[in-house]
Structure formats: C-alpha cells, structure tokens
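Colleague: Can you keep this structure in mind? I'll have questions shortly.
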Amino acid sequence: MLNLFDSFTARWKRIGLALALASVWALQGCATAQNRDPIEPWNRQVFEFNEALDQNVLKPVAVGYKAITPEPVRVAFTNFTGNLKDIWSTVNLFMQGRIKDGTLGVIRVSINSTLGLGGLIDMASPMQLERANEDFGQTLGVWGVKPGAYIVWPILGPSTLRDTFSLPGEFYFSASTLGSYPRESNVLLTLQFVNLRANLLDASNLVDDVALDKYAFIRDAYLQRRQNLIYEGDPPDEVQAEPESDAPTGEPASK
C-alpha cells in the first residue's frame, strides 16, 4: 500500500507539471485539424494515473458498492442526481436558443421534482420527456467556440479546453451542493462518483476487451461523441469530413 501511495504521489508531481504545460499550450491554440492532441505524451501520463487509480481504488469500491447496495436504492440515487443535472441542462438549452426543448426541460424537472418525490423516481421519461444531457461545453460549441486541445484531467478524465469550462456548472448542479458542511458535501460527491462508476462497470469492461490502444480509443470516441452532441447527431457534411477541432465557427445548421 505504501509503495502504491508513493507511486501515486510521484505521478501527481509529474501530472502537476503536465497540467501547467497543457494549459499554456492549449490556450495558445496549438490544436490543429491534423493534431487534435498536441499534448498527447502528458495526457497519456495522466491517463495512466487515472487507470491505476481506477483499477486499485475506484473500481473495487464501485464493485463493492454495487454488491451491497440494493438496485432500487442505486436507481433512486441515479435519478436524484440526474434530476439536478437536468436543471443545468435546461439552462443550457435556453442559452443555445432552443426554447421549445428548454420548456420541455422545465416540465421534466418539475414533474420529477414533485410527482417523482424530489427526483428519486423518473416519472418524466415514461411520458416521453427524455433527458437532454446538455452542458456548457456544448453551449460554447453551439456559439462557435472551437474545442481546442484534447485534455485528460486527473480523476475527471477526458475533456477539451472548451469542455473544461463546463466543469464548474457540473459540480454546482450535483449532490455535493446539498451538503450543509464541507464534510457532508464531500461525502455526497464521493457517493455520486462511486454510484456513477458502478453504473459504468459493464461499459468499462467492454472497452478493456475491444481496445488495443485504450487511450486512443477513448480519446477518439470522446471527440466524436462531443461533435455529435453539439450538432444533435447530424453534423453538416463539411464537419463530418474533418475533425471536430476544425469545425466551422458558425451556429450548427440544425439549431
């Protein structure tokens, strides 16, 4: 255990330097259509740290949590945190100019917050009020902000310079904000993270089985998914033919 702790500590020091350099390079706009990942060597170090932390700590805790926590409890907590996220998602829909979708988001949150007992029960989905899953990174993309360099953050995982600006909103509209004291907030945030990791156990096992280069697989899948989310699954032809980081700066035609 001490050796593992020392290894993590040493890696954290390297990661700190990596992130400092990453921020400088990313802000200089070094990402290009030919190289979406200009700080790949540093990103891979952070990725390796995340993988080690996941395999030695997070995944075992998630497996144990899933084994001892009844499924209805896990589903209720997932619904509850999802309802909080829906609030932020609805705000972003309005900021993107999607008034109709934003109004449906308000209705969804209202139904789940009342009939759904504060969000513990997802009453809205059976009513065809599906979750939008919007965030500020997507909103910036709709506004024409390019993604910038691909970044892997410790614990938080894959992101881009643009998507990094959505992190404060993600944290604010999470279970941690319900704590009256820092200790309560930390417990709620940890529980939310463990619950999310437990929900992703099957998906992570699948990636382990199919990916020869797991880092590249996750990076490419992340960038492609973000592009599809911004254009609602239907990017223009000129965007389909080139990487996301070279997408046009105008508002997507589908918006």
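Numbering-wise, the numbering used here puts 272 at position 220 of the sequence shown, and it's gapless, one number per residue. Glycine included, each C-beta is placed from N, C-alpha and C at the ideal position.
Can at least three beta-carbon pairs, one atom from the segment 236-253 and one from the segment 129-139, be found at a separation below 8 Å?
Modeller: Touching, yes, given that three or more Cβ pairs across the two stretches are closer than 8 Å.
Colleague: How long is the line joining the alpha carbons of Leu248 and Val109, rounded to whole angstroms?
Modeller: 14 Å
Colleague: Mind checking who Val204 pairs with in its DSSP beta bridge?
Modeller: Pro210
Colleague: Would you identify the three-state DSSP class for Lys266, choosing helix, strand or coil?
Modeller: helix
Colleague: Could you tell me the distance, in whole angstroms, from the CA atom of Ser211 to the CA atom of Ala273?
Modeller: Here the alpha carbons of Ala273 and Ser211 stand approximately 11 Å from one another.
Colleague: Under three-state DSSP, which class holds Thr121?
Modeller: In the three-state DSSP reduction, Thr121 falls in the coil class, being neither helix nor strand.
Colleague: Cβ atoms of Ala255 and Ala114: under 7 Å apart, would you say?
Modeller: no
Colleague: Taking its Cβ as the centre, do 16 or more other Cβ atoms sit within 10 Å of Glu186, making it buried, or is it exposed?
Modeller: buried
Colleague: Have a look at Val76 and Ile270 and give me their C-alpha separation to the nearest angstrom.
Modeller: Any reading at Val76 must be qualified, since the residue scores a pLDDT of 46, below 50, and its modelled position is unreliable; the value itself is stated next. The straight-line gap from Cα to Cα measures roughly 23 Å.
Colleague: Closer than 8 Å is the cut-off here; do at least three beta carbon pairs connect the segment 223-232 with the segment 116-124?
Modeller: no
Colleague: What does the alpha-carbon distance come out to for the pair Phe155 and Pro220?
Modeller: Going by the sequence as given, residue 155 is Thr instead of Phe. The alpha-carbon atoms of Thr155 and Pro220 are separated by roughly 24 Å.
Colleague: Taking the straight line between their C-alpha atoms, what separation do you get for Arg150 and Ser218?
Modeller: In a straight line, the C-alpha of Arg150 is about 18 Å away from that of Ser218.
Colleague: Where do the N-terminal and C-terminal ends of the alpha helix (DSSP H) with Phe223 fall, by residue?
Modeller: Residues Leu219 to Tyr224.
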